[in-house]
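See below for the structure under consideration.
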Amino acid sequence: MTPLKEEFVELDEDYCGIIKMGNGDEAQIEGKGIVMIRTPEEDGGFRITLSETLFVPDLECALMSVSRLTDKGLDVMFTCERGVVLDNDELIFRVKKDDRVYVVNTADIRSKNFNIEQKNGMD
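Below, the structure written as structure tokens:
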């Protein structure tokens, strides 16, 4: 989920609904589409394509579903301060804990052209 419309490379704004957050709050879904996370060319030009991403303008920041990553066959491991996402023991990206969330720094993405797709559901 992301609040940033400009992150979408494809967006179906006819898709709408309500999503319930972990804290019980609800937010309006105003579209669904494809987001591409890219690193600068000087950092290798790596990218991850996230399909079925929800456009939720009221979010404070983008959120990535751990269950979508593991459903795709990736290994996700967390410690109290850091986390890693691996594909067959190859590092895809690292996350660092900031307050109560783990933050993805796109400069840390290590796998070219990795796709995360969802077949059904809204994760």
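All residue numbers for the sequence shown refer to full-length UniProt numbering, where the first residue is 1 and numbers rise by one. Backbone N, C-alpha and C fix where the C-beta goes; we use that ideal spot for every residue, glycine too. Keep in mind the model is a prediction, meaning the values are calculated, not measured.
I think residue i touches residue j, with their Cβ atoms under 8 Å apart; what is that distance to the nearest whole Å?
i	j	result
Met1	Leu69	With a Cβ gap of about 14 Å, Met1 and Leu69 do not count as contacting.
Pro3	Asp89	Pro3 to Asp89, Cβ: 34 Å. No contact.
Val103	Phe93	The Cβ separation is near 11 Å, so there is no contact.
Measure the CB-CB distance between residue i and residue j and report whether it falls below 8 Å.
i	j	result
Ile18	Ile34	no
Ala27	Val56	yes
Gly83	Val95	yes
Glu60	Gly31	no
Asp75	Leu86	yes
Pick from the options: whose alpha carbon is nearest that of residue i?
i	options	result
Leu91	Glu7, Met77 and Glu81	Met77
Lys72	Val104, Lys5 and Thr49	Thr49
Glu7	Asn23, Asp14 and Met36	Met36
Lys5	Gly24, Leu54 and Asn23	Leu54
residue 125	Asn23, Gly24, Asp25 and Glu52	This structure cannot settle anything about residue 125, because the visible part of the chain is limited to 1 through 123.
Terminal residues of the continuous beta strand (DSSP E) containing residue i?
i	result
Ser51	Arg47 to Leu54
Leu11	Phe8 to Asp12
residue 136	It is not possible to answer for residue 136, since the shown part of the chain is limited to 1 through 123.
Gln86	One point to set straight first is that residue 86 is Leu, not Gln, in the sequence displayed. Looking at the DSSP string, the run of the beta strand (DSSP E) that includes Leu86 is Arg82 to Asp87.
residue 196	A query on residue 196 cannot be resolved here, the shown segment of the chain reaching from 1 to 123 and no further.
Tyr102	Val101 to Val104
Ala27	Glu26 to Ile29
Gly17	Gly17 to Lys20
Please go through the same chain and pick out, in chain order, the residues whose beta-carbon is closer than 6 Å to the beta-carbon of residue i, but skip the five residues on each side of it.
i	result
Tyr15	Gly31 and Lys32
Val9	Ile34 and Met36
Lys97	Glu81
Tell me which residues share the same chain as residue i and place their Cβ nearer than 7 Å to its Cβ, disregarding the 5 neighbours each side in the sequence.
i	result
Met21	Ala27
Asp123	Confidence in Asp123 is poor, its pLDDT being 41 and thus under 50, which makes the residue's placement unreliable; the coordinate value appears in the next sentence. Only Ser65, Ser67 and Arg68 meet the Cβ criterion.
Under DSSP, the alpha helix (DSSP H) around residue i begins and ends at which residues?
i	result
Ser67	Val66 to Asp71
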